[in-house]
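Since the structure comes first, as structure tokens, the remarks are kept for the end.
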Amino acid sequence: VGITLLAFACMRAAAPGPVDVEEILGAALQRAANHVKLANVKVRGEVEETLPPVHGDRHQLPQVFLNLVLNALDAMPGGGTLTISVEKSEDRNFVDIAFTDTGVGIPKQYLGSIFDPFFTTKDSGTGLGLVIASNIMRSVGGYIKVTSEQGRGSSFRLCFPAAQERNDPGTAEAAEKRTEACVGAKA
Numbered sequence: 031v032g033i034t035l036l037a038f039a040c041m042r043a044a045a046p047g048p049v050d051v052e053e054i055l056g057a058a059l060q061r062a063a064n065h066v067k068l069a070n071v072k073v074r075g076e077v078e079e080t081l082p083p084v085h086g087d088r089h090q091l092p093q094v095f096l097n098l099v100l101n102a103l104d105a106m107p108g109g110g111t112l113t114i115s116v117e118k119s120e121d122r123n124f125v126d127i128a129f130t131d132t133g134v135g136i137p138k139q140y141l142g143s144i145f146d147p148f149f150t151t152k153d154s155g156t157g158l159g160l161v162i163a164s165n166i167m168r169s170v171g172g173y174i175k176v177t178s179e180q181g182r183g184s185s186f187r188l189c190f191p192a193a194q195e196r197n198d199p200g201t202a203e204a205a206e207k208r209t210e211a212c213v214g215a216k217a
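All residue numbers in the sequence shown are consecutive under this note's numbering, ending with 217.
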């Protein structure tokens, strides 16, 4: 609880630049390794080869990944599988990272509130983890989309702009369409 409140209170301005998302994701998974083991959760990785760097903040992205991993573990109290897939979008302007769990799922009536500050269904939660993750993603031009089915699990997909496409005017229209798809899908 203290770490999440501290992260929320100490949110610094984003310093985005090209980031190797595999490296940062790997470091976040190392930080969560004991939690994963204690939760009896198997982590599967599906990483596409030759990923471009993403436009992100190397100091803030670990918090996004850690929040999503810990939330997935909480959603699987009896153990399960967390699949993390990393792939380029079809238009190659974004890199998508999906955290998909086999947990309890999120009730439909809560889906519209999970990114609201202090909203939580957990006894020990602060309701800030997803708010922090969403704010960090927006600060680098990315978005979070969530799908969930009660009794089957949830999937949180992060849409990151690819770093080399960020300032290329020739891809602005494609990037805008992709951004609109991510924004429209997160609601």
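Glycine is no exception: its CB is placed at the ideal position from the N, C-alpha and C atoms.
- For His85, the uninterrupted beta strand (DSSP E) run begins and ends at Val84 to Gly86, by DSSP.
- Residue environment: Ala45 is assigned as exposed (fewer than 16 neighbouring CB atoms within 10 Å of its CB, all protein chains considered).
- The bridge partners DSSP lists for Lys152 come to none.
- Pairing Asn97 with Gly171 gives a Cβ-Cβ distance that is not under 8 Å.
- Taking a cut-off of 8 Å on C-beta distances, the segment 54-69 does not touch the segment 141-158, as fewer than three cross pairs fall below it.
- Taking 8 Å as the cut-off, the beta carbon of Gly86 is found no closer than this to the beta carbon of Met106.
- The Cβ atoms of Leu100 and Val71 do not sit closer than 8 Å to each other.
- Beta-bridge partners assigned by DSSP to Val66: none are found.
- Residue range Gly159 to Ser169 is occupied by the alpha helix (DSSP H) that includes Ser169.
- Counting along the chain, Phe95 sits inside the alpha helix (DSSP H) bounded by residues Leu91 to Asp104.
- By the neighbour-count criterion, in which 16 or more other beta carbons inside 10 Å mark a residue as buried, Leu188 falls on the buried side.
- Taken through DSSP and simplified to helix, strand or coil, Val134 comes out as coil.
- Pairing Ser185 with Phe129 gives a Cβ-Cβ distance under 8 Å.
- In the three-state reduction of the DSSP assignment, Leu112 falls in the strand class, which pools E and B.
- Pairing Gly109 with Ala63 gives a Cβ-Cβ distance that is not under 8 Å.
- In the DSSP assignment, Leu81 falls outside any beta strand (DSSP E) and carries neither an H nor an E.
- Cβ-Cβ distances below 6 Å link Ser164 to Phe145 and Ile174 in the same chain, with the five nearest sequence neighbours on each side left out; the list follows chain order.
- Rounded to the nearest angstrom, the Cβ distance from Phe190 to Val51 is 7 Å, consistent with a contact under 8 Å.
- In the DSSP annotation of this structure, Arg122 is not part of any beta strand (DSSP E), being labelled neither H nor E.
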